[in-house]
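Chains as they are written, first to last, in this note's numbering: chain D, 1 to 152; chain R, 153 to 708; chain Y, 709 to 824.
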């Protein structure tokens, strides 16, 4: 069973069984977890967002950044309130991007990344040049507090 | 100019610490080259033919004397005594050791510089008009907006893994000196009927394998909407840009394949949701950034006119330099000075550590501590009193920095080519040198008039050959270097992609063929006022083809 | 005519991890001089060379390890491709004039530049 990394550290996976977007749309029933691909379109999913507890977004290659924009749309356009999970080939320096972009949890498979996370290294940045998607970050106390700047 | 506050210092410091750690992990073997490569690229470190290359960002090409001196120091201590200024207003060093890069980045951070996002599939250094803040024809200084975009795009969590690299350029002048229409996003400051500042917003220009002129996506994006509209463009590109083929992954291909109308619809739909979000740009923040770019206090120097008239009488070379390399300043007693990095036979865009130090000294003494890097690979002192030009010129002459060729045929843009670059298919620098030497006579160059010659050593077009009045592309043909010539390209307000004139030439043939092209123009122009590009637009390629290949060849 | 890949001589080249400088495999170690390289007679010998390099030296301390085609000439080992000749002998442009001369150091000699 994969380990799930959250802002509170590693947790065991408690997510319900997930299905692909196509399978879900064919028979949504009571299914509460779905897996999106980088090229998934969100429009058809909109009516069912309330019944979903977990949406996973796959990152088959670390260099494919589409999932970050899917996360932004789910959170900001559709106001999705459930858990948002990133799954796939993830490098250490992307971890912070995921949490800032509205993900709550990561299913990490990349061995060096796993090792790094387990060693408990602090995230590299506590100052940012953009607002985070969930609005958890605050106005920075250091330097000028321009509208685009945030602090962890 | 912009100064780091406590936030910027901490931000860049965190990046230096992060990269130093990554280098340590790579050298210890914890990271493989495959894992390390994307990380080093995001810090501007490439592996080229002979060694690593470090590309350092010079945001919108603006530098202080102190920063230029630090670049000279890096050239001297960590490299081989020179650096290469690029068409993206950056500087590249060709020989740094990987193990020295953390120290170099630390030295840069001390003078408020970095190498963040000078490579990788992210938003690159934002460029701007190199005459910004000094030129008479702009509606406002474009650099505060470039600075806001620079900050907002730094380590952006959503836009660090785009389909391909992404370049933004900003201008505020009628005469576009920033080549905005060959950028992924090109912004031109404009005022609406109410006098408010906004942007003509172009998307989808670019060079490379498939050159395209950008499309106007909005005639007026208000200042308050700069970040929200840009986010909408970036999000649409990030989601729908092609990732199956790196040659089709730039936003120009998305705009082309969707069509400008459909692309605009997608952007507008995205923008409708986010335009009133926290991405709204408050006027007070714009004003705060603008304050950094307040023009220097220029005291009147009416002595300049007499000083110049005097010097002109006995120094024809100085007079020619003033005519060619100095531009009109908003203050009538001052001039914008272009320092040519194209001495005849020199390496375009290269400067030695000594030259960098000299320019820093001159900027401090005569130029209100400001230096610009132009996308044409020259340096600019934007605020020099005319009265100081004779002394300034004398120092430039001593250091081979006073060639009076700004905008002339020997003011060549050239990429590093196969002498350094791992991607190149042919050499560029020796070609540039040979052509400049062929046209060494400056009087002849002045007679030819404005002529933009640009050379790329491969199809990626870093040397902007597509938009050269004369463009040269080096390719490999049966194991030999071979050069294709295109004519009629332009990167200004009338941006156009040049057309290939015919079969290419060997390196030995090329300078002679360029001379044939220039002579064809000289023989055909109606007057000295008809520039090479005007003539070429008027008559097309036919006279050139006949001159190069013979009437019979052309008829077949 | 294109040389037959299988029967051309080969040397193993790489860039050093630490400073990125181009080096060639001598059979025991890596040298910054291509003339120190062990020349494999053909593709098969080249593969053997790669195997030796893998075991004998810290390949992990090198990047972009690759076999290239060369020929033995009176002037020493010459790569067949211009790109590799430039890698071996340095940029074909000189920095020995004016203000560039002061701090420039080079490992390419005038003779090497002449080779082009």
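Here a beta-carbon is modelled for each residue, glycine too, at the ideal position from N, C-alpha and C.
Within the same chain, show all residues whose beta-carbon is closer than 6 Å to that of residue i, passing over the 5 residues directly before and after it, in chain order.
i	result
residue 567(R)	580, 608, 609, 614, 615
residue 669(R)	696
residue 108(D)	5, 90, 114
residue 824(Y)	Bear in mind that a pLDDT of 39 at residue 824(Y), under 50, signals an unreliable position, so the number given afterwards is only what the model happens to contain. Once the five neighbours on either side are set aside, the close Cβ partners of residue 824(Y) are 800.
residue 821(Y)	Caution is warranted here: a pLDDT of 38 is assigned to residue 821(Y), below 50, making its placement in the model unreliable, and the coordinate value is therefore given only provisionally. Around residue 821(Y): 800.
residue 713(Y)	none
residue 817(Y)	Here the model assigns residue 817(Y) a pLDDT of 36, short of 50, so the residue's position is not dependable and the matter cannot be decided.
residue 819(Y)	Unreliable positioning characterises residue 819(Y) in this predicted model, as indicated by a pLDDT of 36, which lies under 50. A coordinate reading is not provided.
residue 230(R)	248, 252, 256
Considering just the uninterrupted stretch of the alpha helix (DSSP H) at residue i, what are its terminal residues?
i	result
residue 696(R)	694–701
residue 321(R)	No alpha helix (DSSP H) contains residue 321(R), which is instead part of the beta strand (DSSP E) from 320–323.
residue 667(R)	662–676
residue 629(R)	From DSSP, residue 629(R) is part of no alpha helix (DSSP H) but of the beta strand (DSSP E) over 622–629.
residue 645(R)	That residue, residue 645(R), is in no alpha helix (DSSP H); it is neither H nor E in DSSP.
From the DSSP output, which residues share a beta bridge with residue i?
i	result
residue 353(R)	339(R), 370(R)
residue 503(R)	235(R)
residue 471(R)	The partner list for residue 471(R) (beta bridge, DSSP) is empty, contrary to what the question assumes.
residue 58(D)	87(D)
residue 657(R)	635(R)
residue 479(R)	488(R)
residue 770(Y)	724(Y)
residue 787(Y)	778(Y)
residue 279(R)	321(R)
residue 204(R)	199(R)
residue 3(D)	12(D)
So does residue i have its beta carbon nearer than 8 Å to some heavy atom of the ligand FAD?
i	result
residue 283(R)	No copy of the ligand FAD occurs in the structure displayed, which carries no ligand at all.
Between residue i and residue j, is the Cβ-Cβ spacing less than 9 Å?
i	j	result
residue 284(R)	residue 375(R)	no
residue 319(R)	residue 240(R)	yes
residue 790(Y)	residue 501(R)	no
residue 211(R)	residue 324(R)	no
residue 373(R)	residue 257(R)	no
residue 359(R)	residue 617(R)	yes
residue 276(R)	residue 317(R)	yes
residue 331(R)	residue 647(R)	yes
residue 541(R)	residue 511(R)	no
residue 250(R)	residue 197(R)	yes
residue 725(Y)	residue 170(R)	no
residue 509(R)	residue 143(D)	no
residue 118(R)	residue 356(R)	The first residue shown for chain R is 153 and the last is 708, placing residue 118(R) beyond what the model contains.
What does residue i touch in chain R if you count any residue whose Cβ is under 8 Å from its own?
i	result
residue 127(D)	159, 162, 163, 166
residue 762(Y)	Ordered by position in chain R, no residue passes the 8 Å Cβ test against residue 762(Y), which lies about 15 Å from the chain.
Using a Cβ cut-off of 7 Å, pull out every chain D residue sitting near residue i, in sequence order please.
i	result
residue 266(R)	Per Cβ cutoff of 7 Å: no residues; residue 266(R) is ~13 Å from chain D at best.
Against residue i, what residues of chain R qualify as contacts under a CB-to-CB distance less than 9 Å, listed in chain order?
i	result
residue 730(Y)	201, 202, 203
residue 790(Y)	570, 578, 579, 628, 631, 632, 633
Mind pulling the chain D residues with CB within less than 8 Å of residue i?
i	result
residue 307(R)	125, 128, 129
residue 426(R)	76
residue 379(R)	148
residue 182(R)	112
Considering only residues of the same chain and omitting the five flanking positions on each side of residue i, which have a CB-CB separation below 8 Å?
i	result
residue 756(Y)	748
residue 717(Y)	747, 748, 749, 750, 777, 778, 779, 780
residue 190(R)	272
residue 709(Y)	Any reading at residue 709(Y) is ruled out, since the residue's pLDDT is 48, under 50, leaving its predicted position unreliable.
residue 815(Y)	Its pLDDT being 36, under 50, residue 815(Y) is placed unreliably by the model, and the measurement read from it follows with that caveat. Here the set comprises 740, 798.
residue 753(Y)	718
residue 19(D)	31, 33, 34, 35
So, at 7 Å on beta carbons, what are the nonlocal neighbours of residue i in its own chain, with the 5 sequence-adjacent residues on each side left out?
i	result
residue 772(Y)	722, 723
residue 172(R)	254
residue 555(R)	492, 494, 495, 496
Who are the neighbours of residue i on chain Y, taking C-beta pairs under 8 Å?
i	result
residue 251(R)	726, 727
residue 528(R)	Those within 8 Å of residue 528(R) in chain Y number zero; the least Cβ separation is about 20 Å.
If I follow the unbroken beta strand (DSSP E) through residue i, where does it start and stop?
i	result
residue 9(D)	9–12
residue 390(R)	Counting along the chain, residue 390(R) falls outside any beta strand (DSSP E), though it belongs to the alpha helix (DSSP H) covering 378–392.
residue 689(R)	Residue 689(R) -> not in any beta strand (DSSP E); alpha helix (DSSP H) instead, spanning 684–691.
residue 534(R)	531–537
Can you pull the chain R residues whose beta carbon is under 7 Å from the beta carbon of residue i, in chain order?
i	result
residue 66(D)	390, 391
residue 56(D)	Per Cβ cutoff of 7 Å: no residues; residue 56(D) is ~18 Å from chain R at best.
residue 794(Y)	201, 570, 571
residue 744(Y)	Under the 7 Å cutoff, chain R gives no residues; its nearest Cβ is about 17 Å from residue 744(Y).
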